Amino acid sequence: MRADIEYIRSFFEKFGFEVCERLGDYLGIQAARIRLFFIYAAFLTMGSSVIIYMILLFIKEIRFYIRKRKTSVFDL
């Protein structure tokens, strides 16, 4: 039972695109506390925190592709 929970947790952490971790690094808060905030907010607001999470994910992915394209100083 414990192994199943750890597998599910690692799956979501691996494919969760590190939104909570990056936000935690930026704000100086542990990523686990931010994840709990999103869980509690999802229950309280009936899912609107999921929309905020998806917006943050979209912004992170766009920034990654913009930085990936700039390979030299002259690409600015």
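Position one of the sequence shown corresponds to residue 999 (my numbering), numbered consecutively onward. Note that the Cβ used here is the ideal one computed from N, Cα and C, for glycine as well. For clarity, every value in this text was computed on a predicted model and none was experimentally measured.
_Residue closest to M1052, alpha-carbon to alpha-carbon, out of A1001, L1042, C1018, F1009_ = Taking the sequence shown and counting its residues from 1, one reaches residue 1052 at position 54. Checked all of A1001, L1042, C1018, F1009; the closest Cα to M1052 is C1018.
*So, helix, strand or coil for E1059, using DSSP?*
Within the sequence shown, the letter at position 61 stands for residue 1059. E1059 falls in the helix class under three-state DSSP.
_Candidates S1047, L1025, E1016, F1056, of which the one nearest F1035 by Cα_ = If you number the sequence shown from 1, residue 1035 lands on position 37. Out of S1047, L1025, E1016, F1056, S1047 has the C-alpha closest to the C-alpha of F1035.
*Give the DSSP-derived three-state secondary structure of E1016 in the structure shown.*
One-based indexing of the sequence shown puts residue 1016 at position 18. Coil at E1016, not helix or strand.
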